[in-house]
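Below is one structure, written out as structure tokens; comments come after it.
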Amino acid sequence: MTLPRDPKAEIRVCRHSVATICLASMLLLTGCAVGPKYQRPPVEVPPAYKEAGNWKTAQPNEQSLGGNWWEIFQDPQLNALEQQVDISNQNLKAAQARYMQARALLRYYRADYFPTVAAAPSATRARVSSNRPPPRAISNGVTSTDLQLPFELSYEIDAWGRVRRNVEFYREQAQASAADLATVNLSVHAQLALFYFQARSLDAQEQLLNSTVALYEQALELNQSRFQGGIGSEVEVQQAKTQLETTRAQAIDVGVLRAQFEHAVATLIGKPAGSFSLPPLPLRTPPPAIPAGVPSELLERRPDIASAERLMAAANARIGVAKAAYYPLLNLTAAGGFESGAISTLLSGPSALWAVGPSAIFTLFDGGRRRAASDQAIAAYDQTVASYRETVLTSFQQVEDNLAALRILEKEAQTQNEAVVAAQKYLELSITRYKGGVTSYLEVTTAQSAALADEVTAVNILGRRMVAAVQLVQALGGGWDSSSLPQHPECCGKLVSATCSGNVCK
Numbered sequence: 048m049t050l051p052r053d054p055k056a057e058i059r060v061c062r063h064s065v066a067t068i069c070l071a072s073m074l075l076l077t078g079c080a081v082g083p084k085y086q087r088p089p090v091e092v093p094p095a096y097k098e099a100g101n102w103k104t105a106q107p108n109e110q111s112l113g114g115n116w117w118e119i120f121q122d123p124q125l126n127a128l129e130q131q132v133d134i135s136n137q138n139l140k141a142a143q144a145r146y147m148q149a150r151a152l153l154r155y156y157r158a159d160y161f162p163t164v165a166a167a168p169s170a171t172r173a174r175v176s177s178n179r180p181p182p183r184a185i186s187n188g189v190t191s192t193d194l195q196l197p198f199e200l201s202y203e204i205d206a207w208g209r210v211r212r213n214v215e216f217y218r219e220q221a222q223a224s225a226a227d228l229a230t231v232n233l234s235v236h237a238q239l240a241l242f243y244f245q246a247r248s249l250d251a252q253e254q255l256l257n258s259t260v261a262l263y264e265q266a267l268e269l270n271q272s273r274f275q276g277g278i279g280s281e282v283e284v285q286q287a288k289t290q291l292e293t294t295r296a297q298a299i300d301v302g303v304l305r306a307q308f309e310h311a312v313a314t315l316i317g318k319p320a321g322s323f324s325l326p327p328l329p330l331r332t333p334p335p336a337i338p339a340g341v342p343s344e345l346l347e348r349r350p351d352i353a354s355a356e357r358l359m360a361a362a363n364a365r366i367g368v369a370k371a372a373y374y375p376l377l378n379l380t381a382a383g384g385f386e387s388g389a390i391s392t393l394l395s396g397p398s399a400l401w402a403v404g405p406s407a408i409f410t411l412f413d414g415g416r417r418r419a420a421s422d423q424a425i426a427a428y429d430q431t432v433a434s435y436r437e438t439v440l441t442s443f444q445q446v447e448d449n450l451a452a453l454r455i456l457e458k459e460a461q462t463q464n465e466a467v468v469a470a471q472k473y474l475e476l477s478i479t480r481y482k483g484g485v486t487s488y489l490e491v492t493t494a495q496s497a498a499l500a501d502e503v504t505a506v507n508i509l510g511r512r513m514v515a516a517v518q519l520v521q522a523l524g525g526g527w528d529s530s531s532l533p534q535h536p537e538c539c540g541k542l543v544s545a546t547c548s549g550n551v552c553k
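Residue numbers (the numbering used here): 48 to 553.
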């Protein structure tokens, strides 16, 4: 039996459906996002670096570190090695993959902004039993075909900002991952420069020891000649030989640490240690002036500070998600499609079916679960605030440490150079006195040991100055700036800012 159609009733149903959709849209547009509004907590920032003191200032063309900060050292070999890091370093590739995971996770939860539409087509042919109660029913013994083409739409009305806060959380997590990527990038480039200059320092030390070995060989030949001529003694020969072999052993020993630095450089540029060789290049020039800037700039130049700040913002958004659980969950569902017993009439007007309506879920009792989730989110935020402030304090400490190291080592280098000059003069006078028969060769060996020790110390100080310069560059952020963080990582793969209108990124 077919019931008569009621056009007026259908119009009323349509009006109610339109009203429902309009109400849902108004709730979406005017809904408030519960939870605290994020503001970056204040940190104590000194007006200037204490250890900078009278530290030499950079030249006008060196007032800021560029992206390729290692070029400030003007070393072509270092520049060539640093360029290979971005291509082949595996730690950097792993950090890039983590950032891509964070972007994908953001896009996953950002899909909650949009409705979910599903289709479930089906085709069945069924026969009803002839003996099915009630007896002699019209449908008993009937075989029928049922073709269905239904569509279902479900949509969460974000009246309380749960979806927005959740997307905000994952967006800031992705930004923190981008900052972590920048931190890894800075770290591996700085490690390469550190290993490189330490290897060059050992090259200078080995060159010094080898040149000293050549001088000691001449001294041994002289003592042997004097002994064979009856002028000197065998004791003096053995003293000269001891001095020679000891220094030769020191020169050989340098190779152990130098090889380790060479292997470390190979790993950083993504090459097997056995297939890479770092040509010897003794370190000679002192480090350049490093532009330190002012402490307030450090908050925007350190990627680890930016990561800690973004994690703090994400934790604040998580509080909003926890607060939204206290409010009802509003959903809009709609279903429609076609159903018919024959394929020829499946898509015709009379075969259409639909249903639409909102629903709400109220949590009446949960045993304190929502309160616990809210307390946990607040405590997690407090933890990120403490971590952020500790990161800032550590950053200031690292800058001060390396400024002090550069300033003090520069003075130490000047004093040590004077010690080297005095030791050389002492050695020359001892050799003259020995050749004149005024003193024994023991005085010469003592002067030789003092001169060599002072020269080795001078070389080591130069190496330490280069290490401190690289570490200062790293502590200052290596020319990075927080403006390079992606504002909308979900639509921009590169680490640059993007412009988005609403939910659509450009």
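All C-beta atoms in this analysis are idealised placements derived from N, C-alpha and C, irrespective of residue type, glycine included. For clarity, every value in this text was computed on a predicted model and none was experimentally measured.
Use the C-beta contact count for residue i: other C-beta atoms within 10 angstroms, 16 or more gives buried, fewer gives exposed.
i	result
Trp117	buried
Asp1	This structure does not reach residue 1, given that the chain is present from 48 up to 553, and the question cannot be answered.
Asp133	exposed
Ala369	buried
Phe412	exposed
Asn464	exposed
Pro168	exposed
Ala419	exposed
Ile508	buried
Thr230	buried
Pro533	buried
Tyr488	buried
Ala360	buried
Ile119	buried
Gly540	Since pLDDT at Gly540 reaches only 49, below the 50 mark, its modelled position is unreliable, and no value is offered.
Asp429	exposed
Glu537	buried
Asp250	buried
Val214	buried
Gly276	exposed
Asn363	buried
So residue i is in the beta strand (DSSP E); what residue range does that whole segment cover?
i	result
Pro319	Careful: Pro319 lies outside any beta strand (DSSP E) and carries neither H nor E.
Gln238	Not the beta strand (DSSP E): Gln238 falls in the alpha helix (DSSP H), residues Arg209 to Gln275.
Thr289	No beta strand (DSSP E) holds Thr289; the alpha helix (DSSP H) holding it covers Glu281 to Leu315.
Gln195	Thr190 to Ile204
Val514	It is not in any beta strand (DSSP E) - Val514 instead sits in the alpha helix (DSSP H) that spans Tyr488 to Ala522.
Ala80	From DSSP, Ala80 is part of no beta strand (DSSP E); its letter is neither H nor E.
Ile366	Careful: Ile366 lies outside any beta strand (DSSP E), inside the alpha helix (DSSP H) at Pro350 to Ala371.
Phe385	Leu376 to Ser387
Ile408	Ala399 to Ile408
Arg172	Ser169 to Arg174
Output yes or no for whether 8 Å exceeds the beta carbon distance between residue i and residue j.
i	j	result
Ala298	Leu256	yes
Ala315	Val210	It should be pointed out that residue 315 corresponds to Leu in this sequence rather than to Ala. No; because the gap between Cβ atoms is not below 8 Å, this pair is not in contact.
Ala516	Val446	no
Pro162	Tyr202	yes
Leu330	Arg247	yes
Ser434	Ala355	yes
Ala223	Leu153	no
Thr492	Gln286	yes
Leu519	Leu456	no
Gly414	Phe198	no
Tyr373	Arg416	no
Ile366	Pro88	no
Phe244	Val312	no
Gly388	Asp159	no
Val503	Gln252	yes
Ala371	Val92	no
From which residue to which residue does the alpha helix (DSSP H) around residue i run?
i	result
Tyr473	Arg416 to Lys482
Glu129	Pro123 to Ser135
- prompt: Can at least three beta-carbon pairs, one atom from the region 305-320 and one from the region 259-272, be found at a separation below 8 Å?
  reply: no
task: Please determine if the region 119-137 and the region 399-409 are in contact, where contact requires at least 3 C-beta pairs separated by less than 8 Å.
output: no
Three CB pairs or more closer than 8 Å across the region 431-448 and the region 344-357: yes
field: the region 388-398 touching the region 320-330, judged by at least three CB pairs closer than 8 Å
entry: no
field: Meets three-Cβ-pair contact criterion under 8 Å: the region 138-155 and the region 175-185
entry: no
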